[in-house]
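Peer 1: Next up is a structure, given as structure tokens.
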Amino acid sequence: MKKSKNHSPIKNKILAVIAAKKQSTRLPNKNLKLFSGKPLLYWGILAAKKSKKINDVIISSDSKKIISLSKKFYKDILIRQRPNKLSGNKTSSWAVVRDAVNFLKKQKKMYSHVALIQVTSPLRSFRHIDKAINIMNKKKLSGIVGITKTECPKVWTTYLKPKSMQDFLTE
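In structure tokens, the structure reads:
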């Protein structure tokens, strides 16, 4: 990541975006699948809400059920009823993040950083989030991406072109 040239008057105000669309082609209703007795969605919201570094959490979804369930878990989360054009199989997470940020800008809510919280990582805790944000701040980075080694067979992973992750890798 690049060193931050944060010209924003808002320092260290962090928004967590949880993108949870209704349908997944590979695993239908994956955001509502149970993990340790709770939907995957719950674990993502819990990690973001328990973080000491995240100021606000927004759920972006095209599903009334996901939105209703999100409100049930936490009353004070922000909700973005995602436009249909951002609910397709080829919609990137970053397009959803941009939409959520622009939606909140119209409400005069501004942030210096955004944390994309993937609900399909239920073992990630608020401590992992806070540690990553501390590293980002200490090194004065503009952003940070969490990755981990996997024990699964290589055929289950996505292959990247050589050096395609070089900007994400640091010391």
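So the sequence shown is numbered by numbering that gives the first Met the number 0: it starts at 0 and just counts up by one. Beta carbons are placed, not taken as given, at the ideal position from N, Cα and C, and that holds for glycine.
1) Taking one C-beta from the segment 139-148 and one from the segment 71-81 each time, how about it: are there three or more such pairs within less than 8 Å?
2) For the beta strand (DSSP E) containing residue 14, list its first residue and its last residue.
3) What's the C-alpha gap between residue 98 and residue 86?
4) Would you tell me roughly how many angstroms separate the C-alpha atoms of residue 59 and residue 128, rounded to the nearest one?
5) With a threshold of 6 Å on Cβ separation, who are the neighbours of residue 131 within its own chain once the five nearest residues in sequence on each side are excluded?
6) Cα separation between residue 66 and residue 40?
7) Considering only the beta carbon of each residue, do residue 11 and residue 136 sit closer than 8 Å?
8) According to DSSP, is residue 122 helix, strand or coil?
Peer 2: Reading off the structure:
1) Contact between the segment 139-148 and the segment 71-81 is absent: fewer than 3 CB-CB pairs across the two stretches fall below 8 Å.
2) By one-based count along the sequence shown, residue 14 stands at place 15. 13-18 is the extent of the beta strand (DSSP E) around residue 14.
3) For the purposes of this step, residue 98 is taken as residue 99 along the sequence shown, with counting starting at 1. For the purposes of this step, residue 86 is taken as residue 87 along the sequence shown, with counting starting at 1. A direct Cα-to-Cα measurement between residue 98 and residue 86 gives close to 12 Å.
4) Translated into the one-based positions of the sequence shown, residue 59 becomes position 60. Translated into the one-based positions of the sequence shown, residue 128 becomes position 129. Answer to the nearest angstrom: the Cα atoms are 19 Å apart.
5) Walking along the sequence shown from the start, residue 131 turns up at place 132. If you ignore the 5 residues before and after residue 131, its C-beta comes within less than 6 Å of the C-beta of 143 and 145, all in its own chain and listed in chain order.
6) The sequence position of residue 66 within the sequence shown is 67, counting from 1. The sequence position of residue 40 within the sequence shown is 41, counting from 1. Cα to Cα, the separation comes out at about 10 Å.
7) Here residue 11 is taken as the residue at index 12 of the sequence shown, counted from 1. Here residue 136 is taken as the residue at index 137 of the sequence shown, counted from 1. Result yes, Cβ atoms of residue 11 and residue 136 sit closer than 8 Å.
8) The count along the sequence shown starts at 1 and reaches residue 122 at position 123. Here residue 122 sits in coil by DSSP.
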